[in-house]
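All remarks here apply to the structure that follows.
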């Protein structure tokens, strides 16, 4: 309790930027708590790192590779926390889908788990991809399904203890947006032809003087769309992550167990909300990508 | 710190996603989507077949109904015909019988008439003879020849008148 009050006061003091008269021992004792109060630990949790934290059991230090130099750029290909989490996500998605596939191999009537997945698969197929892209979307269905489940499981990792969501890392979402960008452009070029596709970016019946401006806007639009995809997913997940940890952090900011029920109650509320957000964000990313693909293929609309 | 693009992670993510897509596409999505499509196809076919069977049954029912109506109509007609025939036959037999009876009656009448005529002619002879005998007997005793003659003539005249 005393420590809590001290921590609280010192946190306020640090925030105001005027800590001078506190003794060394108190400083040392408070340094941990001030860390909690300043919220750095939240940022540390959310951002990428080279260690997997399993407090209080210890931590695993991931290997750090020396940077590779390609085309004058130095690439750090180290396996970071988020890369490990991403691999876990990939493995879980793979195992899930193997179970479902095996269930279908046994009989045409799926089991309970396969039925649940089937519902999502049918939803992606009939309500997301085919309305947006048309019958051509069936070929791209594996991409959209992989995308949806990869993002979904990755989002849900936010709620798993000791895990951290790769979706809260902008590099991860940027990579997915990059792939989405490539899929959109390639499907547009493949179905319209290279020159026709880029010519079709400018809608017909545009006055001649406006063509250059429209063309610039449309070409910019090509890049802003995936950029928005990337930032939307990243920001939503990071915000949820920070909100949960902020509420948990209230316990340490107040320095008393009495704050726990309220803090945990709020954190639980946010966590439940995050389950919803996980599904919604996965759905939005998939739907918008499908929409962009549809727009690239059917340029006349 | 937070909003910092890490090319390493981008490359790893792209690589992981591509690999996952490749592996899942081969081992999971293909069988799952195929199974779903097969099932949908089989459901569609089942519904179609049921529809067909229903139509067939309805057609058969309709046919049966029509057939039944036809049969009933035919039966009615048959009954009617039979009734008419019976009526006709009865009428015929009745008229034939009455004709026969009439014929028999006529014949009997003729016979009677003939017998009567015969009897009358026989009776004429016998009466004349008897009368002559009786007259002879009476006249033999009381009458002369002229009176006798006159009497016989007058008697014969009265007979002829009758």
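Residue numbers (the numbering used here), protein chains in the order written: chain A, 687 to 987; chain B, 6 to 167.
The beta carbon of each residue, even a glycine, is placed where N, CA and C say it ideally should be.
This structure is a prediction, so every number in the text was calculated from the model and none was measured.
Check, Outcome
"Assuming residue 777 of chain A contacts residue 799 of chain A (C-beta within less than 8 Å), just tell me the rounded distance between them.", "That pair is no contact at about 17 Å."
"If you measure beta-carbon to beta-carbon, which residues of the region 855 to 866 of chain A are closer than 8 Å to chain B?", "855, 856, 857, 858, 860, 861, 862, 864 and 865"
"For residue 766 of chain A, return the contacting residues in chain B, with the cut-off set at a CB-CB distance below 9 Å.", "11, 13, 14 and 17"
"Residues of the region 738 to 754 of chain A in Cβ contact with chain B at a cutoff of 7 Å, in chain order, please.", "none"
"From A:890, A:876, A:881 and A:775, pick the residue whose C-alpha is nearest to that of residue 836 of chain A; which is it?", "A:775"
"For residue 760 of chain A and residue 858 of chain A, what's the separation of their Cα atoms in angstroms?", "19 Å"
"Do the region 125 to 133 of chain B and the region 95 to 104 of chain B make contact, defined as three or more Cβ pairs closer than 8 Å?", "no"
"For residue 736 of chain A, which three-state DSSP category applies?", "coil"
"Does DSSP put residue 846 of chain A in a helix, a strand or coil?", "coil"
"Between residue 23 of chain B and residue 64 of chain B, what straight-line distance do the alpha-carbon atoms span, to the nearest angstrom?", "57 Å"
"Any contact between the region 886 to 895 of chain A and the region 866 to 873 of chain A? By contact I mean 3 or more CB pairs, one from each, below 8 Å.", "no"
"In the DSSP assignment, find the unbroken alpha helix (DSSP H) run with residue 892 of chain A in it and report its ends.", "Taken as a continuous stretch (DSSP letters only), residue 892 of chain A belongs to no alpha helix (DSSP H), as it is neither H nor E."
"Please confirm whether residue 746 of chain A and residue 738 of chain A have their CB atoms less than 8 Å apart.", "yes"
"Report yes if the C-beta distance between residue 168 of chain B and residue 164 of chain B is below 8 Å; otherwise report no.", "Nothing about residue 168 of chain B can be reported from this structure: the residues present for chain B run from 6 to 167 only."
"Specify the secondary structure class of residue 765 of chain A as computed by DSSP and reduced to three states.", "coil"
"If I follow the unbroken alpha helix (DSSP H) through residue 8 of chain B, where does it start and stop?", "Per DSSP, residue 8 of chain B belongs to no alpha helix (DSSP H) and is neither H nor E."
"Closer than 9 Å, Cβ to Cβ, to anything on chain B: give me those residues from the region 809 to 823 of chain A, in chain order.", "811"
"I think residue 854 of chain A touches residue 924 of chain A, with their Cβ atoms under 8 Å apart; what is that distance to the nearest whole Å?", "4 Å"
"Does DSSP put residue 714 of chain A in a helix, in a strand, or in coil?", "Confidence in residue 714 of chain A is poor, its pLDDT being 41 and thus under 50, which makes the residue's placement unreliable; the coordinate value appears in the next sentence. In the structure shown, residue 714 of chain A sits in a helix (DSSP, three-state: H, G or I)."
"Assuming residue 988 of chain A is part of the alpha helix (DSSP H), what are its boundary residues?", "The structure shown does not extend to residue 988 of chain A, since chain A is modelled only from 687 to 987, so the question has no answer here."
"Please check if any C-beta of chain B sits within less than 8 Å of the C-beta of residue 807 of chain A.", "yes"
"Residue 968 of chain A and residue 838 of chain A look like a contact to me (Cβ under 8 Å); what is the Cβ gap, rounded to whole Å?", "4 Å"
"Which residues mark the beginning and the end of the alpha helix (DSSP H) in which residue 986 of chain A is found?", "Looking at the DSSP string, residue 986 of chain A is not in any alpha helix (DSSP H), and its letter there is neither H nor E."
"Starting from the Cα of residue 929 of chain A, find the closest Cα among A:832, A:959 and A:878 and give me that residue.", "A:959"
"Rounded to a whole number of angstroms, what is the C-alpha to C-alpha distance between residue 781 of chain A and residue 815 of chain A?", "24 Å"
"I want to verify the contact list: residues of chain A whose CB lies under 7 Å from the CB of residue 40 of chain B, in sequence order.", "790 and 794"
"For my contact list, residue 851 of chain A and residue 840 of chain A are in at a C-beta cut-off of 8 Å; report their separation, rounded to the angstrom.", "6 Å"
"Closer than 8 Å, CB to CB, is residue 84 of chain B near chain A or not?", "no"
"Are the region 944 to 958 of chain A and the region 893 to 904 of chain A touching, with three or more C-beta to C-beta distances below 8 Å?", "no"
"Does the Cβ-Cβ distance between residue 13 of chain B and residue 877 of chain A come in under 8 Å?", "no"
"Give the straight-line distance between the Cα atoms of residue 117 of chain B and residue 109 of chain B, rounded to the nearest whole angstrom.", "12 Å"
"Report the rounded CA-to-CA distance for residue 50 of chain B versus residue 812 of chain A, giving the unit in angstroms.", "20 Å"
"Since residue 25 of chain B meets chain A, which of its residues come closer than 8 Å, beta carbon to beta carbon?", "776, 779, 780, 832 and 836"
"When the cut-off is 8 Å and only beta carbons count, does residue 1033 of chain A lie next to chain B?", "A query on residue 1033 of chain A cannot be resolved here, the shown segment of chain A reaching from 687 to 987 and no further."
"Quick check on residue 734 of chain A - is its C-beta less than 8 Å from some C-beta in chain B?", "yes"
"Return the CA-CA distance between residue 802 of chain A and residue 834 of chain A, expressed in angstroms with no decimal places.", "15 Å"
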